[in-house]
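Below is one structure; the comments refer to it alone.
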Amino acid sequence: MSRLIAAARKEGALNAIALPRDWANYGGLIDDFERKYGIKVTVDDPQASSQDEIDAIKRSGKRAGAPDVIDLGDTFARTAARQNLLAPYRVVAFDSIPDTQKDGEARWSNNYGGYISIGCDANRVEPCPRTFADLLNPRYKGMVSLDGNPTRSNTAFAGVWAAALANGGSFDDIRPGLDFFAELDDRGNFNPVESTSAAVETGRTPISIDWDYVNLDYADRFRSKGVDWQVAIPFDGSFAQYYALAVNRNAPHPAAARLWQEYLFSPAGQNLRLKGYARPVLMEAMREDGTLDEAAAAMLPTVEGEPRFPTDAQLEKARVTVDLGWAKAVGG
């Protein structure tokens, strides 16, 4: 580790992409990493989607400005691994990561996750919806948004899958989720505006289907600005997923890239995830060894039952179904 730190400090820089400061506490993580190691982190296109990250790696090749590291939905991480875009790297904590949350060849490992939730501006919407069934009510005309296009955004893709589970679908069948959004669109309730933090703050997306840690951050951050952002995890469509970290095989700063991975899987990095309401992948291991920030963990919203996750085959089947059916579902 000492040699890795020395090599990373010599490189002095880390190129990242698609890391909004308000997403899973990336602001706090970047600041702490820079302070701890003296390495400047540059984030290109903070609002980029998972597919945008893959495209950026392909496009940049071996250029100096190429992304060193990526953070993307594990569905997209599997795609990047198949396309030979990622460098295998086993972090020190690799063996403590659950087998279902990592690639056997260490090309990617999930780092944090959460549950799909419904965020709502209570000053503009009365009453706020709490389930997917509620979203079909005519009172929500033009209000219901996703965080991006599900053919490119893992968050939006997860929103479709949660809707499927709420409407008779399963990990084997995501099509009811497409049918739900088709109906939402037919009723005029679907709002095609991407629910970014700016859109939420300005009221352009008064109802947002997004991860619980994103919506909870909005609630905290915009409270002082008069936005009463309420958050509900829908019991009729409970869907959890983790996000994966990986190193670009052509990373221009390979040592800094690997040190970044070590930092994000360390107790310090994992506990900072908690402060952003994200569930660290090492949460149970840290609870057992006494390194978990229990006060921060207690702030997480209560959910029912243990989360379940689709298999690789189910993920691939769902991805193809959404890629082929989304444009038709919402009218292009």
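Going left to right, the sequence shown walks through residues 47 to 378 as our numbering numbers them. Where is the CB? At the ideal position from N, CA and C, for every residue including glycine. It should be emphasised that the depicted structure is a prediction, and the values quoted were computed from it without experimental measurement.
In chain order, what residues of the same chain lie with their CB nearer than 6 angstroms to the CB of residue i, ignoring the 5 residues before and after it?
i           : result
residue 311 : 137 and 139
residue 276 : 166, 168 and 174
residue 171 : 252
residue 106 : 112
residue 226 : 209 and 213
The alpha helix (DSSP H) spanning residue i covers which residue range?
i           : result
residue 388 : No answer is possible for residue 388: the residues shown for the chain start at 47 and end at 378.
residue 104 : 96 to 106
residue 243 : 243 to 248
residue 359 : 358 to 375
residue 306 : 300 to 310
residue 239 : Premise fails: residue 239 is in no alpha helix (DSSP H) and is neither H nor E.
residue 277 : From DSSP, residue 277 is part of no alpha helix (DSSP H) but of the beta strand (DSSP E) over 275 to 278.
Contact criterion: CB-CB distance below 8 angstroms. Does residue i meet it with respect to chain D?
i           : result
residue 327 : No chain D is part of this structure, which consists of one protein chain only.
Using only alpha-carbon positions, find the residue among the options that is nearest to residue i.
i           : options               : result
residue 327 : 66, 120 and 374       : 120
residue 123 : 48, 290 and 243       : 290
residue 303 : 364, 172, 116 and 209 : 116
residue 241 : 60, 256 and 354       : 256
residue 143 : 158, 130, 129 and 354 : 158
residue 70  : 79, 316 and 285       : 316
residue 125 : 164, 180, 366 and 226 : 366
residue 377 : 339, 249, 229 and 359 : 229
residue 260 : 233, 325 and 184      : 325
residue 156 : 281, 307 and 372      : 307
residue 108 : 370, 145 and 300      : 300
residue 92  : 266, 64 and 205       : 64
residue 202 : 146, 285, 79 and 148  : 285
residue 47  : 77, 83 and 283        : 83
residue 374 : 196, 212 and 51       : 196
residue 81  : 59, 90, 135 and 188   : 59
To the nearest angstrom, report how far apart residue i and residue j are at their CA atoms.
i           : j           : result
residue 97  : residue 199 : 7 angstroms
residue 101 : residue 295 : 14 angstroms
residue 178 : residue 298 : 44 angstroms
residue 263 : residue 249 : 16 angstroms
residue 329 : residue 338 : 7 angstroms
residue 350 : residue 344 : 15 angstroms
residue 335 : residue 313 : 10 angstroms
residue 278 : residue 355 : 21 angstroms
residue 68  : residue 346 : 17 angstroms
residue 185 : residue 73  : 36 angstroms
residue 268 : residue 243 : 9 angstroms
residue 85  : residue 152 : 24 angstroms
residue 57  : residue 283 : 45 angstroms
In its own chain, which residues sit with a C-beta less than 8 angstroms from the C-beta of residue i, not counting the 5 before and 5 after it?
i           : result
residue 342 : 317, 320 and 321
residue 103 : 112, 113, 116, 126, 131, 294 and 296
residue 274 : 167, 168 and 169
residue 458 : Since the first residue of the chain shown is 47 and the last is 378, residue 458 is not available in this structure.
residue 51  : 83 and 305
residue 221 : 210, 215, 367 and 371
Since residue i and residue j should fall inside the 8 angstroms C-beta cutoff, what is the C-beta to C-beta distance between them, to a whole number of angstroms?
i           : j           : result
residue 208 : residue 162 : 4 angstroms
residue 266 : residue 160 : Between residue 160 and residue 266 the Cβ distance is about 15 angstroms, and since that is not below 8 angstroms, they are no contact.
residue 235 : residue 181 : 6 angstroms
residue 237 : residue 188 : 5 angstroms
Ignore the nearest five residues each way along the sequence and tell me which others in residue i's own chain have a CB closer than 7 angstroms to its CB.
i           : result
residue 239 : 191, 245, 250 and 251
residue 146 : 355
Which two residues bound the contiguous beta strand (DSSP E) that contains residue i?
i           : result
residue 62  : 59 to 63
residue 286 : 286 to 294
residue 74  : Looking at the DSSP string, residue 74 is not in any beta strand (DSSP E); the run it does join, the alpha helix (DSSP H), is 72 to 83.
residue 315 : Premise fails: residue 315 lies in the alpha helix (DSSP H), 313 to 321, not in any beta strand (DSSP E).
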